[in-house]
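For the sequence shown, my numbering begins at 15 and goes up steadily by one.
All C-beta atoms, glycine included, are put in the ideal place defined by N, C-alpha and C.
Computed from a predicted structure; not experimentally measured.
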Amino acid sequence: MIIVNLDVMLAKRKMSLTELSGKVGITMANLSILKKGKAKAIRFSTLELLCKTLDCQPGDILEYEADE
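(1) If the criterion is Cβ atoms closer than 8 Å, does the pair residue 18 and residue 39 meet it?
(2) Determine which residues share a DSSP beta bridge with residue 76 and list them.
(3) Can you list, in chain order, the residues of its chain whose CB lies under 8 Å from that of residue 21, leaving out five sequence neighbours each side?
(4) Can you give me the Cβ contacts of residue 37 inside the same chain, cut-off strictly under 7 Å, excluding the 5 residues immediately before and after it?
(5) Could you give the C-beta distance for residue 32 and residue 42, rounded to a whole number, given that I count them as a contact under 8 Å?
Laid out in structure tokens, this is it:
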């Protein structure tokens, strides 16, 4: 399964979801879905925006964990 660590990166950057939403132009609702791990997919363009804004790598936001 893919784990979304958006909340971890937000905490490291001392940034709120509202602030991130304003900087990347993604609605709070969509960011919340992503943050909770409920998103079915993410576009590379969205991932790029998040990485650029949070100054991180895709692997800092997304993590793979094998199902047992």
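With the given structure in hand:
(1) Taking C-beta atoms as the reference points, residue 18 and residue 39 fail to come closer than 8 Å.
(2) Residue 76 is bridged to 18.
(3) So the list reads 49, once near-sequence residues are dropped.
(4) For residue 37, where only same-chain residues beyond five positions count, the Cβ hits under 7 Å are 67.
(5) Contact between residue 32 and residue 42 holds, since their C-beta atoms are separated by about 7 Å, short of 8 Å.
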